Amino acid sequence: MPGQPRPGSPVFRPFGVGSSAVHLRVGFGRYSCLVRCILGVLVLAFGLAGCATAEASIAGNDVIVVGVKADQPRLGFKEDGRFTGFEVDVGTYIARHLGASQVEFSEVRSDNREQKLDEGAVDLVLASYSITPDRAKLVTFGGPYYVAHQDVMVRRGETRIRGVRDLAGRRMCQASGSVSTERVVVGLSIPARLVPGASYSDCVAKLRRGEVDAVSTGDLVLAGFSAPDLEIVNSPFTDERYGVGMRKGDIDGCEAVNDAITTMYQDGTASELLRKWFAPSGLNLVEEVPQFEGCS
4 MPGQPRPGSP
14 VFRPFGVGSS
24 AVHLRVGFGR
34 YSCLVRCILG
44 VLVLAFGLAG
54 CATAEASIAG
64 NDVIVVGVKA
74 DQPRLGFKED
84 GRFTGFEVDV
94 GTYIARHLGA
104 SQVEFSEVRS
114 DNREQKLDEG
124 AVDLVLASYS
134 ITPDRAKLVT
144 FGGPYYVAHQ
154 DVMVRRGETR
164 IRGVRDLAGR
174 RMCQASGSVS
184 TERVVVGLSI
194 PARLVPGASY
204 SDCVAKLRRG
214 EVDAVSTGDL
224 VLAGFSAPDL
234 EIVNSPFTDE
244 RYGVGMRKGD
254 IDGCEAVNDA
264 ITTMYQDGTA
274 SELLRKWFAP
284 SGLNLVEEVP
294 QFEGCS
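Sequential numbering of the sequence shown, starting at 4, is according to this note's numbering.
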């Protein structure tokens with residue numbers, strides 16, 4: 004009969020029969036389809052978000068590219084096409100601990116470390132990369148893997164500069180991208196005369212040529228440039244917490260890096276590497292696990 008459903012057809016009749024019930028049944032079917040579509044989109048979105056998070060972390064990568072310096076002896080140095088140094092060895096240890104079967108190295112400078120991470124050119128940065136609040140806004144830091152102490156290097160025989168306060172009015176080299184001179188001039192309000200340098204190797208060359216009176220940065224960096232004509236005044240004045248930089252937000256990777264650093268100190272590898280690269284310099288080396296910054 005007109006207006007009657009076909010046999011076997013489901014009917015929704017909460018308020019009665021007739022055309023209004025039919026319209027309600029049809030409308031409910033449309034809403035049910037809409038709900039199913041929305042749920043499907045949400046499930047897909049959450050699934051993709053989970054995949055993106057997993058892909059963003061370097062933890063478990065088969066190949067890890069580590070950014071290191073190429074001109075800092077004992078820390079990161081490239082000679083005959085091969086990278087060597089303390090940070091190269093530490094980077095290898097960490098990458099292996101993270102599960103990488105292949106570890107590659109790429110040169111970074113103080114003024115392009117964040118850029119290299121953002122571009123995906125490197126996965127980790129171990130390049131005398133001091134952890135600072137401003138840098139932590141741009142990258143996630145694991146570690147530190149070592150706490151160095153800022154000191155001053157001068158030409159051997161220099162008697163006017165025996166500590167950081169003696170840098171007032173003296174020519175101090177400012178390596179591009181470094182914050183070490185800022186600690187002197189801004190942090191300690193010492194009016195040194197800043198002379199720009201492309202890198203610490205360039206600064207040391209300027210020191211040798213008499214173009215500057217001093218170079219100031221972490222003692223591990225300075226120890227790498229130790230030579231008969233140069234000396235460290237051995238008057239440390241701040242800490243430099245060398246961290247492992249990675250892309251911002253990689254918390255899983257950061258926690259895995261911290262676990263690797265802890266293991267490196269506990270199994271004696273850190274002590275072995277520190278002595279291997281810096282014992283000849285006479286530095287007082289700290290061989291205890293540093294206090295981590297926390298992953299963010």
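All C-beta atoms in this analysis are idealised placements derived from N, C-alpha and C, irrespective of residue type, glycine included. Model, not experiment: these values are computed from the prediction.
1. In its own chain, which residues sit with a C-beta less than 7 Å from the C-beta of Phe-240, not counting the 5 before and 5 after it?
2. Going by beta-carbon coordinates alone, are Gly-221 and Glu-296 separated by less than 8 Å?
3. At the level of alpha carbons, what is the spacing between Ser-60 and Gly-180?
4. How about Val-142 and Lys-251: are their beta carbons less than 8 Å apart?
5. With 16 as the cutoff for other CB atoms within 10 Å, does Glu-117 come out buried or exposed?
6. Quick test of the definition: if touching needs 3 or more C-beta pairs under 8 Å, does the stretch 206-217 touch the stretch 225-236?
7. Less than 6 Å between C-beta atoms, sequence neighbours within five positions excluded: which residues of the same chain meet that for Gln-105?
8. For Thr-143, does the three-state DSSP call read helix, strand or coil?
9. Consult DSSP for Cys-257 and reduce its assignment to one of helix, strand or coil.
10. Report the start-end ranges of each beta strand (DSSP E) in the stretch 49-137 that is 3 residues or longer and not cut off at the edges.
11. If I measure Cβ to Cβ from Gln-146 and keep anything under 6 Å in the same chain, skipping five residues before and after, which residues do I get?
12. For Ala-217, which of helix, strand or coil comes out of DSSP?
13. As an exercise, report each continuous alpha helix (DSSP H) stretch of at least 4 residues that is fully enclosed by the stretch 186-216, in chain order.
14. Nearest to Leu-276 by alpha carbon, out of Ser-183, Cys-298, Phe-89?
15. Go through its chain and collect everything with a Cβ distance to Gly-190's Cβ below 8 Å, but skip five positions before and after it.
16. Can you list, in chain order, the residues of its chain with a C-beta nearer than 6 Å to that of Trp-280? Leave out the 5 residues immediately preceding and following it.
In terms of the structure at hand:
1. Gln-153, Val-167
2. no
3. 26 Å
4. yes
5. buried
6. yes
7. Val-66
8. strand
9. helix
10. 66-71, 79-82, 85-87, 105-110
11. The amino acid occupying residue 146 in the given sequence is Gly; Gln does not appear at that position. Gly-246, Val-247, Ile-264, listed in sequence order.
12. strand
13. 203-212
14. Phe-89
15. Thr-241
16. Arg-77, Phe-89
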